Structure formats: structure tokens, C-alpha cells
């Protein structure tokens with residue numbers, strides 16, 4: 008059996024195991040073998056018979072033998088259907104990945120409730136498992152238990168998994184307290200010194216972290232004599248930059264002031280979690296955070312991340328473009344107030360319940376009912392701003408909403424260099440979007456959506472926007488290679504089907 012085929016089979020087995028919510032140890036027990044043997048199989052480093060593949064498939068309730076190499080996942084969408092009923096918002100993707108990184112601060116057991124079962128989380132779990140962290144899904148796969156080892160085996164890090172997630176960059180903050188030297192693979196293919204990485208370096212150098220980049224790796228060295236002697240001013244009010252600074256400050260023995268900090272939802276969730284670890288954080292929800300660090304953290308903690316406002320916006324947009332009445336439950340309203348204010352000016356017919364607390368006891372939730380509305384283009388352009396402004400990740404959804412409104416809407420996506428370009432994929436589905444420059448798109452509405460077959464855009468939010476437009480288009484559309492959607496959404500197709508959509512998942516056999 009060729010090595011390449013062994014790797015493909017191994018990845019398929021790993022995906023099937025994770026989908027079932029099993030650890031390698033649990034699969035090993037079902038097969039009467041060792042965890043190390045399962046690890047070798049999943050890495051493609053173990054010869055494996057067809058009989059063993061069949062046994063694994065039976066144990067995991069997965070048709071591994073008949074499928075062979077799974078190949079990309081595609082979606083077949085029968086559009087023109089109205090949605091109805093109610094749907095719950097899942098927990099925040101971005102909060103969950105930050106909390107996984109933050110678990111490295113703790114020597115004790117961390118239990119996270121209702122963790123998002125998405126590819127981004129799976130990649131981080133693969134990295135954590137490879138360096139010795141024990142993780143397991145509990146309570147029928149709803150919750151995640153994390154137990155770190157006494158010593159991290161950074162030499163065994165799963166580089167392939169690390170390179171498939173940008174979140175790996177948030178390992179820097181926790182690791183600088185545990186190791187004097189370590190290596191990390193490049194984060195999501197970004198080069199050191201690019202806009203998304205250098206602000207992290209500027210903040211973390213204040214904690215003695217020095218990094219050089221060679222041959223696809225960050226080489227980190229920590230000088231414990233260097234500590235922040237004045238407030239840290241972030242050069243970019245970014246979410247992950249703020250989180251990395253918080254993670255570094257959490258175990259700094261002293262008080263750290265972080266200015267120009269993001270106050271976005273995932274940052275607030277991280278602050279709430281740090282407080283359960285015994286780290287006092289002042290100024291949560293503002294741009295100045297004061298962190299009272301503790302040099303050692305060894306506690307058993309239980310934390311519930313809040314719901315995802317971007318997923319809530321996705322579901323809201325699905326109702327708008329399909330002209331449906333839909334109730335979206337557990338919406339974190341604090342992080343959607345600007346979006347709803349803009350939509351109200353456009354004519355959105357909706358109402359909301361009284362506010363109630365999320366499971367973390369801090370985030371404010373409502374249930375939101377959206378009804379079919381006659382929308383008018385907004386007078387002002389749609390553009391993102393740091394919280395409490397319109398969320399950067401919610402901007403693409405306004406492309407589909409604006410295409411459903413009467414008139415012209417200017418969307419200015421100034422943060423990302425190329426994301427606006429992907430929005431013009433809506434033209435394949437009948438949209439009338441004119442790209443003015445790499446950051447600005449002029450949207451003409453209303454749109455008579457039409458079915459099409461196309462490749463999934465490589466950016467998460469534009470990919471979902473295309474899916475929503477397909478749901479509105481009469482006829483059958485095909486969206487190919489939707490891995491990027493699975494990075495950020497848990498069972499999105501199945502959940503949309505539960506409220507009236509008709510979306511079929513299929514693969515090329």
C-alpha cells in the first residue's frame with residue numbers, strides 16, 4: 008500500500024474518530040490495540056490491512072472501506088424555499104479557540120461547555136494532543152475536558168495541523184511562561200512581519216519573547232529578566248493580538264496594563280475565563296485592560312463560552328435573503344446592536360425578547376424573530392469598525408442583504424486586502440456587484456437570484472454568503488469544496504435543513 012494512500016486513509020480515520028467524539032485511546036480500546044498504534048495509523052506511519060480498516064469503520068460507524076479517500080465535501084442546494092421555526096446560535100468559534108490556547112496556562116483540569124465542533128477546533132486539538140495535552144469529549148460529545156502534562160513535548164508538534172490554523176499564533180502567550188525555548192510552525196501560512204503577525208511580536212517582546220523565522224518555523228527564546236515596565240500599547244486593535252497580550256500577562260507576576268485593546272466578544276470571553284483561573288482583569292469591555300497576573304495557575308475550572316454573534320448574523324441574513332420568518336435564539340445582542348440598527352433603517356421587520364444571561368453569567372442574550380421585509384438600501388456606506396462598531400466579520404453578510412434591498416449600497420471592507428473581491432462571486436448567482444477597488448463593492452438590488460454550480464470562495468464569511476444566496480435562488484445549485492465553511496460552522500447544512508432549507512452533503516467517490 009503506497010505511503011500516500013496510508014496517509015489518506017489515516018486522515019479519514021482521524022476525521023471519523025473526531026466526528027464521533029472519541030479520543031485515540033477510546034478507539035484503541037474498541038480495537039483491542041494501543042493508543043500509540045492508533046496514532047501511527049492516523050499519521051499514515053502504520054501498514055494497515057483491509058480487515059483492520061473494516062474493523063475501524065465498524066467501531067466508528069463510518070463507511071471507511073467503501074468510501075476510501077473521502078475527498079472534498081460539497082453541498083447541493085435546492086433553493087427558493089422559505090425557512091420557518093426557530094434555531095439556536097452555537098457557541099463562539101473565536102472564543103473557543105482562544106480558550107483552548109488559554110488552557111495551556113493552567114496546570115489543572117479545564118472543562119469547556121458546548122464547545123464548537125468545527126475544523127478549526129479539531130486542528131487545535133490535534134496540535135494540543137501531539138504535544139502531550141490530554142483532551143476528551145464528554146457528556147455525549149457536548150463538552151471538552153483538557154488536562155495538560157507536566158512537560159510539553161514541543162518536538163512532537165503536529166506541524167501539518169498547526170499550519171492549517173491561524174490560531175496557533177496564540178500559543179505564544181502561554182508558552183513563554185512554560186518554556187525558555189520552543190519552535191512553532193508558521194501560523195496559517197503567514198510570514199513573520201506581515202500585518203497580522205508583527206503586532207503580536209511588538210506586544211510579546213515586552214515579556215521577553217524574541218522570535219526569528221527560518222524554514223517555516225518561529226524560533227522563540229524567552230528572557231525572563233525582561234518584564235513590562237510601562238503600559239503596553241497595541242499597534243493594532245486586533246482581537247487575537249489582544250488575546251495574546253492577555254495570555255502573556257495572565258501569568259506575569261505583577262500588574263500589566265494593555266491599551267488600545269480590542270473589547271470584542273471573544274476577548275471578553277477570554278477575560279471571563281481568566282477570572283475563573285484567579286487572574287483579575289479590570290476594564291473588560293473597554294480599550295484599557297489591567298491584568299493582575301499570577302505566576303502559577305493550578306486549578307480545576309469549568310467554563311461556558313458564550314454564543315457566536317457572527318453565526319447569529321449568518322442566520323439573520325439567511326432569513327432576510329430567503330424572505331422568511333425565523334426565530335434565532337440565544338443571540339448575543341451586545342455584539343449585534345449596530346448591525347440591527349443599520350437593518351432597522353433599511354426597513355427590517357423584527358422583534359426581540361427581554362435580555363437574559365448566557366451560561367457564562369455575563370453575556371447578554373435575546374431571542375430575535377425576523378420577518379419578511381421590504382428593504383431599502385442604506386443612505387451611508389456599510390463599513391466595519393472595532394467593537395462596538397459593526398463587526399468586521401459581519402460585513403460580507405450585508406452584501407447578500409443589500410442585494411435583496413432596493414437601491415445601491417456601497418460596502419467598504421477596509422480591513423482585509425482581498426475579501427471584497429470574493430463577494431463578487433455573488434454575480435454568478437444573479438447578483439449585480441461592481442468591484443470598485445480591492446476594498447469597495449457597489450451592490451445593486453433587488454436581485455433575482457439564479458442557481459449555479461461554483462467553487463467555494465477560500466474566505467469563510469464570503470463562502471457562507473454564497474451558500475445563503477444559493478438558498479434564495481430557484482433551482483438546484485452546487486457549492487464545491489466547503490472545508491472553509493466547516494472551519495467556522497458546526498453542522499450548518501443540517502441545522503439550516505431543520506428550519507426548512509434543502510441542502511444535501513455529498514462527496515466525489
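In the working numbering, the protein residues as written are 8 to 516. No residue lacks a Cβ here, since even glycine has one placed at the ideal position from N, Cα and C. Keep in mind it's a predicted model, so treat the numbers as computed, not measured.
Check: If I measure Cβ to Cβ from residue 410 and keep anything under 6 Å in the same chain, skipping five residues before and after, which residues do I get?; Outcome: 438, 450, 452, 454
Check: What residue from 403, 418, 342 has the CA that sits closest to residue 393's CA?; Outcome: 342
Check: Using DSSP with H/G/I as helix, E/B as strand and the rest coil, what is residue 394?; Outcome: coil
Check: Taking its Cβ as the centre, do 16 or more other Cβ atoms sit within 10 Å of residue 388, making it buried, or is it exposed?; Outcome: exposed
Check: Note down the Cα distance separating residue 28 from residue 144, rounded to an integer number of angstroms.; Outcome: 6 Å
Check: Return the CA-CA distance between residue 420 and residue 128, expressed in angstroms with no decimal places.; Outcome: 27 Å
Check: Between residue 376 and residue 115, what straight-line distance do the alpha-carbon atoms span, to the nearest angstrom?; Outcome: 42 Å
Check: Quick one: residues in its chain with C-beta nearer than 6 Å to the C-beta of residue 107, no 5 flanking neighbours on either side, listed in chain order?; Outcome: 131
Check: Looking only at its chain, what residues have a beta carbon closer than 6 Å to the beta carbon of residue 168, apart from the 5 residues adjacent to it on each side?; Outcome: 130, 133, 134
Check: Are residue 315 and residue 98 touching if we call contact CB-CB under 8 Å?; Outcome: yes
Check: When the Cα of residue 424 is compared with those of 223, 413, 444, which residue comes out closest?; Outcome: 444
Check: Between residue 139 and residue 159, how many whole angstroms is the CB-CB distance? I'm expecting something under 8 Å.; Outcome: 6 Å
Check: Whose C-beta lies closer than 6 Å to the C-beta of residue 7 among residues of the same chain, with five residues either side of it excluded?; Outcome: The question about residue 7 has no answer here: the residues shown for the chain are numbered 8 through 516.
Check: Measuring only the C-alpha atoms, how far is residue 24 from residue 39?; Outcome: 16 Å
Check: Among the residues of its own chain, which have a CB less than 8 Å from the CB of residue 278, if the five just before and after it don't count?; Outcome: 253, 288, 291, 296
Check: Apart from the five residues just before and just after residue 408, which ones in its own chain have a Cβ nearer than 6 Å to its Cβ?; Outcome: 324, 327
Check: Would you decide whether residue 208 is buried or exposed? Buried here means 16 or more other CB atoms lie within 10 Å of its CB.; Outcome: buried
Check: Could you give the distance in angstroms between the alpha-carbon of residue 506 and the alpha-carbon of residue 422?; Outcome: 33 Å
Check: Please report how far the alpha carbon of residue 284 lies from the alpha carbon of residue 102, in whole angstroms.; Outcome: 16 Å
Check: Would you please state the rounded distance, in angstroms, between the beta carbons of residue 241 and residue 192? I believe it to be under 8 Å.; Outcome: So it is not a contact: roughly 24 Å between Cβ atoms.
Check: Which ranges does the alpha helix (DSSP H) cover as unbroken runs of at least 4 residues, wholly within the region 312-345, from first to last along the chain?; Outcome: 316-328
Check: Buried or exposed: which applies to residue 245, given that a residue is buried once 16 or more other Cβ atoms fall within 10 Å of its Cβ?; Outcome: buried
Check: Excluding five sequence neighbours on each side, which residues of the same chain lie with their C-beta closer than 8 Å to the C-beta of residue 251?; Outcome: 176, 177, 179, 180, 207, 210, 211
Check: In chain order, what residues of the same chain lie with their CB nearer than 6 Å to the CB of residue 200, ignoring the 5 residues before and after it?; Outcome: The pLDDT assigned to residue 200 is 37, lower than 50, so where the model puts this residue is not dependable; a value taken from the coordinates is nonetheless given after this. Once the five neighbours on either side are set aside, residue 200 has no close Cβ partner at all.
Check: Residue 373 and residue 340: beta carbons closer than 8 Å?; Outcome: yes
Check: Have a look at the DSSP bridge pairing and note the partners of residue 188.; Outcome: 228
Check: Taking the beta carbon of residue 363 as the centre, do at least 16 other beta carbons fall within 10 Å, making it buried, or is it exposed?; Outcome: exposed
Check: Can you tell me which residues form a DSSP beta bridge with residue 87?; Outcome: Residue 87 pairs with nothing; no bridge assigned.
Check: Hey, which unbroken runs of the beta strand (DSSP E) at 3 residues or more fall wholly within the region 139-171?; Outcome: 141-145, 150-154
Check: Please list, in chain order, all residues of the same chain as residue 464 whose beta carbon is under 8 Å from its beta carbon, the five residues on each side excluded.; Outcome: 429, 432, 470, 473, 491
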